[in-house]
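*Asks:*
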Amino acid sequence: MSRKKLSRRQFVAATAMTSAAMITAPYVRGAHAAGKLSIGFWDHWVPGANKASTDIVNAWAEKEKVEVQIDYIPSQGNKILLTIAAEAQAKSGHDILAMPTWLPHAHTEQLEPMNDLMGDLIKQNGEPNGTVKYLGQAKGKWHAVPASVGSQIKGPCSRIDLMKKHAGIDVQALYPAGQAPKADSWTLDTFLKAAEACHKGGVPFGIGLGETSDNVDTAGAIFHSFGAALVDEKGNLTVKTDAVRQALEYYKKLIAFLPPDAGAWDDSSNNKWLVSGRGALIMNPPSAWAVARRDAPQVAEQCWTHGFPSGPKGRFAPYIGYFWGTWAFSKNKEAAKSVLRALSQADAIEKMCVASGGYDLPCYEKLTTLKVWQEEAPPKGTLYHYPNPHNHQTLSIAASPAPPKIAQQIYTQATLTKMCLRHAQGEAMEKTLAWAEGECEGFMRS
Amino acid sequence: MADVALQPNRAATAQAARKRSSLQSVLQRKSTIAFLMALPLILLIATLVIYPAFYALHLATLNKSMARFVGLGNFEFLFKRETFWLVVKQSCIFAITAVMFKALLGFIIAHFVHNIPAKGQRKWRGMLLVPWVIPPAMSTLAWLWLFDPSYSAFNYTLSFFGIGPIPWTGDAYWARFSVILVNIWVGAPFFMIMYLAALKSVPDQLYEAAAIDGANWWQRIWYVTLPMMRNIIAITTLFSLIVTFANFDIVRILTAGGPLDHTHIFATWAFRVGIEGSDIPLGASVSLFMVPILAVAAIFILRDISKRGNEA
Chain A
20 MSRKKLSRRQ FVAATAMTSA AMITAPYVRG AHAAGKLSIG FWDHWVPGAN KASTDIVNAW
80 AEKEKVEVQI DYIPSQGNKI LLTIAAEAQA KSGHDILAMP TWLPHAHTEQ LEPMNDLMGD
140 LIKQNGEPNG TVKYLGQAKG KWHAVPASVG SQIKGPCSRI DLMKKHAGID VQALYPAGQA
200 PKADSWTLDT FLKAAEACHK GGVPFGIGLG ETSDNVDTAG AIFHSFGAAL VDEKGNLTVK
260 TDAVRQALEY YKKLIAFLPP DAGAWDDSSN NKWLVSGRGA LIMNPPSAWA VARRDAPQVA
320 EQCWTHGFPS GPKGRFAPYI GYFWGTWAFS KNKEAAKSVL RALSQADAIE KMCVASGGYD
380 LPCYEKLTTL KVWQEEAPPK GTLYHYPNPH NHQTLSIAAS PAPPKIAQQI YTQATLTKMC
440 LRHAQGEAME KTLAWAEGEC EGFMRS
Chain B
1117 MADVALQPNR AATAQAARKR SSLQSVLQRK STIAFLMALP LILLIATLVI YPAFYALHLA
1177 TLNKSMARFV GLGNFEFLFK RETFWLVVKQ SCIFAITAVM FKALLGFIIA HFVHNIPAKG
1237 QRKWRGMLLV PWVIPPAMST LAWLWLFDPS YSAFNYTLSF FGIGPIPWTG DAYWARFSVI
1297 LVNIWVGAPF FMIMYLAALK SVPDQLYEAA AIDGANWWQR IWYVTLPMMR NIIAITTLFS
1357 LIVTFANFDI VRILTAGGPL DHTHIFATWA FRVGIEGSDI PLGASVSLFM VPILAVAAIF
1417 ILRDISKRGN EA
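Structure, rendered in structure tokens:
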């Protein structure tokens, strides 16, 4: 039996090679050399829209050698809110998490600052709109990155034929495709007259007065148009003001021409109202139109998305922003920022907007004139004015300019629509205002 | 000598044997075996119920940003809120009305089913249990479509008789009626099956004796059936009261607390405040407010049961 002897030289050489390999191993770029990253994206309601973000992330992961896991979390049943609350409590979870409207502010202390990244993105893409700044910043610090996915304007979507027939208004002439709006006459007074005419014609405007966001957003924009706010930016109560009284009076008149069950409407009610052909106008992003395109093409080809009517203090439209946040306890913050940078490039944003059929809306000023909104049909140009390409209206959110943590309570508790409904149901103006003031005082707890 | 030398060992052996036998006897005791067999479940409950309960108590003592201990400050805050007292009132209306009607309907249906010949009874029992067996989230969705503000199937049917349209979920009172109705629909079969079991255990001789004494139908119910069912009625009422007070899915799906907060109950308002409003401590405080109410109900009902047990 022969036995190979290990010489002293061979032993030294083998030891040296093993040591070198062990020391250098961490620096060799393997398939997932840069670690792992878990992402919780909002599960888009548009079929196939998730694929665009998956593709962008996968391309980035391939290049950066990062192992990525993506979970698509639906907003139905508030699953995304529950996930955020659970991760914030557990101090563990996704490295990047999609956060709707108010959530970055609600968790600002637990989020990684994004100022460095946002500085670069603003240079590239232009200034974000004012509402995104209001929702995404705290004390001059960006606590999340604005996401185009899920962000939207909830402006009017009108039936061209019904508005012409009953209200004598040509919405395409007010908002011509490919051109700046010619909508000086499109005021809240005109809007009220049109609501009355359409109500008489049996096709009332489908504006809800329930407690979900679509209802609250419309009320918010109308309140802003009168300069009405319940709490100002410094946190002072401003409920008992003439502006709030005017807004309530206006709403009372409007409610008389809305469907009688509007108080029970949720976010799907207005969509169904339009798609079923029962109404001449709703306030919604183009989701209702997209469903109509699939289920009721004759309705879809008569739909025109356009700007909000203007009030005494200007023309305001509700903008609902989504964000991507990274927890301060995230294990791979650098990789998280890197992928957020990739997702916020102009070509990536355009890709995601196209995949969503024009539903998603970037907040950056250079990205409101993408081709997708010019080309979507039927009818051609129906979404041209959806992203506010001519800065014709101020994008706002209900309950602003109150400090966001107070505004979140006003928004979530639907204080605006409740005020409108209470007053319209016969409660005296001052009693409604006193009730709202009491509510807002409660919202100020810290 | 040898015997003497062996004495200490023998004592030790005897002691060890005694210990062994006492351990064996403990292990052989039915209660010990029952405890050991239930231990996994006890641990599971401790993890999934007791820990979250204490965590909720902890959360309820924090301020909104969960950075500061505020003691009972959240409860103090709630007591000053108009909406909170509206929720307390509605939770009581919802739970008490629903439980009363569930018990009444369950009692009546149980009697009907009890009087069906044994051959066809199983079929009826199965069919009547369907509302209780379907997950409430699913069945409530079907009810939502029936009550839909604009496309209600009920209103469509009623329109043929010139009635309506009824704002099932749009008017405060109708909305309360709707959520209570659905809760009764879901929960009545539970009462029915429990009462049916209790009815079957009432000895026929008692009814025969009552009949000989000339008792009429109502007297048989009042003096025989009800006394024999008292304990089961008390336990089912307590159980249902707890479950109904803590209900979430029916109200959340049907009205989400609206219109104007007039159908909010503890769980839905806690969710609105805690999860949707990002004020977890206040949400925890709202949900914990159910505990003293239910504890008082439980003490009264269980005390009554044990008193009757002792009398028996």
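These protein sequence lines are chains A and B, in that order.
Heads up, our numbering is the position in the first sequence plus 19, with the first residue counted as 1.
Heads up, our numbering is the position in the second sequence plus 1116, with the first residue counted as 1.
Just so you know, even glycine gets a beta-carbon here, dropped at the ideal spot from N, CA and C.
It should be emphasised that the depicted structure is a prediction, and the values quoted were computed from it without experimental measurement.
Kindly identify the DSSP beta-bridge partner or partners of residue 57 of chain A.
*Replies:* The partner list for residue 57 of chain A (beta bridge, DSSP) reads A:88.
*Asks:* With a threshold of 8 Å between beta-carbons, can residue 1154 of chain B be considered close to chain A, or not?
*Replies:* It does not; no Cβ of chain A falls within 8 Å.
*Asks:* Step through the CB atoms of chain A and report whether any lies within less than 8 Å of the CB of residue 1419 of chain B.
*Replies:* So, not an interface residue.
*Asks:* Report the rounded CA-to-CA distance for residue 1120 of chain B versus residue 1139 of chain B, giving the unit in angstroms.
*Replies:* At residue 1120 of chain B the pLDDT is 43, less than 50, meaning the model places this residue with poor confidence and gives no usable figure here.
*Asks:* In the DSSP assignment, what residue or residues form a beta bridge with residue 1269 of chain B?
*Replies:* Residue 1269 of chain B pairs with nothing; no bridge assigned.
*Asks:* Considering only C-alpha positions, which residue in the set A:115, A:204, A:194 is nearest to residue 349 of chain A?
*Replies:* The shortest Cα separation from residue 349 of chain A among A:115, A:204, A:194 belongs to A:115.
*Asks:* Distance, Cα to Cα, residue 292 of chain A vs residue 230 of chain A?
*Replies:* In a straight line, the C-alpha of residue 292 of chain A is about 17 Å away from that of residue 230 of chain A.
*Asks:* Can the beta-carbon of residue 1366 of chain B be found less than 8 Å from the beta-carbon of residue 1295 of chain B?
*Replies:* Yes, Cβ-Cβ distance for residue 1366 of chain B and residue 1295 of chain B is below 8 Å.
*Asks:* Does the region 1210-1220 of chain B come into contact with the region 1342-1356 of chain B, if we say contact requires no fewer than three beta-carbon pairs (one atom in each stretch) closer than 8 Å?
*Replies:* Cβ pair count under 8 Å is three or more, so yes.
*Asks:* Over the uninterrupted beta strand (DSSP E) stretch that includes residue 343 of chain A, give me the two end residues.
*Replies:* Note, residue 343 of chain A: beta strand (DSSP E), 335-345.
*Asks:* Any beta carbon from chain B within less than 8 Å of residue 278 of chain A's own beta carbon?
*Replies:* Closer than 8 Å to some Cβ of chain B, the Cβ of residue 278 of chain A qualifies, so yes.
*Asks:* Pick helix, strand or coil for residue 444 of chain A, following the three-state DSSP scheme.
*Replies:* Coil at residue 444 of chain A, not helix or strand.
*Asks:* Given a cut-off of 8 Å on the beta-carbon distance, is the pair residue 253 of chain A and residue 211 of chain A in contact?
*Replies:* The answer is no: Cβ separation not under 8 Å.
*Asks:* Is DSSP giving residue 434 of chain A helix, strand or coil here?
*Replies:* The answer is helix: DSSP assigns residue 434 of chain A an H, G or I state.
*Asks:* Return the residue from the list A:134, A:61, A:62, A:242 that minimises the CA-CA distance to residue 257 of chain A.
*Replies:* Taking only the C-alpha atoms, the option nearest residue 257 of chain A is A:242.
*Asks:* Since residue 165 of chain A sits in a beta bridge, which residues does DSSP pair it with?
*Replies:* Residue 165 of chain A is bridged to A:342.
*Asks:* Any contact of the region 1310-1321 of chain B with the region 1337-1352 of chain B, i.e. 3+ C-beta pairs under 8 Å?
*Replies:* The region 1310-1321 of chain B vs the region 1337-1352 of chain B: in contact.
*Asks:* I need the DSSP call for residue 1333 of chain B, collapsed to helix, strand or coil.
*Replies:* The answer is helix: DSSP assigns residue 1333 of chain B an H, G or I state.
*Asks:* Note down, in chain order, every chain B residue with its Cβ under 7 Å from the Cβ of residue 284 of chain A.
*Replies:* Here the neighbours are 1265.
*Asks:* Could you tell me whether the Cβ of residue 1324 of chain B comes closer than 8 Å to any Cβ of chain A?
*Replies:* No, no contact with chain A.
*Asks:* What is the DSSP secondary structure of residue 1401 of chain B, reduced to helix, strand or coil?
*Replies:* It is helical.
*Asks:* Suppose you measure from the CA of residue 35 of chain A to the CA of residue 84 of chain A; what does that come to, to the nearest Å?
*Replies:* Rounded to whole angstroms, residue 35 of chain A to residue 84 of chain A spans 29 Å at the Cα level.
*Asks:* How far does the alpha helix (DSSP H) with residue 1257 of chain B in it extend, from its first residue to its last?
*Replies:* Segment 1252-1263, the alpha helix (DSSP H) holding residue 1257 of chain B.
*Asks:* Residues of chain A with a CB under 9 Å from the CB of residue 1235 of chain B: which are they?
*Replies:* Per Cβ cutoff of 9 Å: no residues; residue 1235 of chain B is ~44 Å from chain A at best.
*Asks:* So, at 7 Å on beta carbons, what are the nonlocal neighbours of residue 1199 of chain B in its own chain, with the 5 sequence-adjacent residues on each side left out?
*Replies:* Answer for residue 1199 of chain B: 1377, listed in chain order.
*Asks:* When you compare only the Cα positions, how much space is there between residue 1393 of chain B and residue 306 of chain A?
*Replies:* So the alpha carbons of these two residues sit roughly 26 Å apart.
*Asks:* Any chance you could list the alpha helix (DSSP H) runs of at least 4 consecutive residues sitting entirely within the region 1180-1223 of chain B, in chain order?
*Replies:* If we require 4 residues or more, the alpha helix (DSSP H) runs fully inside the region 1180-1223 of chain B come out as 1189-1195.
*Asks:* Anything in chain A within Cβ reach of residue 1280 of chain B, meaning under 7 Å, just list it in chain order.
*Replies:* The contacting residues do not exist; residue 1280 of chain B stays about 11 Å from chain A at best.
*Asks:* Chain B beta carbons: is any one of them nearer than 8 Å to that of residue 346 of chain A?
*Replies:* No, residue 346 of chain A does not count as interfacial toward chain B.
*Asks:* Can you list, in chain order, the residues of its chain with a C-beta nearer than 6 Å to that of residue 216 of chain A? Leave out the 5 residues immediately preceding and following it.
*Replies:* Excluding positions up to five away in sequence, the list reads 185, 186.
*Asks:* Thinking C-alpha only, which one of A:168, A:78, A:203 is nearest residue 412 of chain A?
*Replies:* Closest by alpha carbon: A:203.
*Asks:* For residue 401 of chain A, which option in A:458, A:423, A:450, A:308 has the closest C-alpha, if you only look at C-alpha atoms?
*Replies:* The option with the nearest alpha carbon to residue 401 of chain A is A:308.
*Asks:* Does the beta carbon of residue 1163 of chain B come closer than 8 Å to any beta carbon on chain A?
*Replies:* It does not: the Cβ of residue 1163 of chain B has no partner Cβ on chain A nearer than 8 Å.
*Asks:* Tell me residue 250 of chain A's beta-bridge partners as DSSP assigns them.
*Replies:* DSSP output for residue 250 of chain A lists A:256 as bridge partner(s).
*Asks:* What are the boundary residues of the beta strand (DSSP E) that residue 415 of chain A is part of?
*Replies:* Segment 413-415, the beta strand (DSSP E) holding residue 415 of chain A.
*Asks:* Taking Cβ positions, are residue 361 of chain A and residue 355 of chain A nearer each other than 8 Å?
*Replies:* No, Cβ-Cβ distance for residue 361 of chain A and residue 355 of chain A is not below 8 Å.
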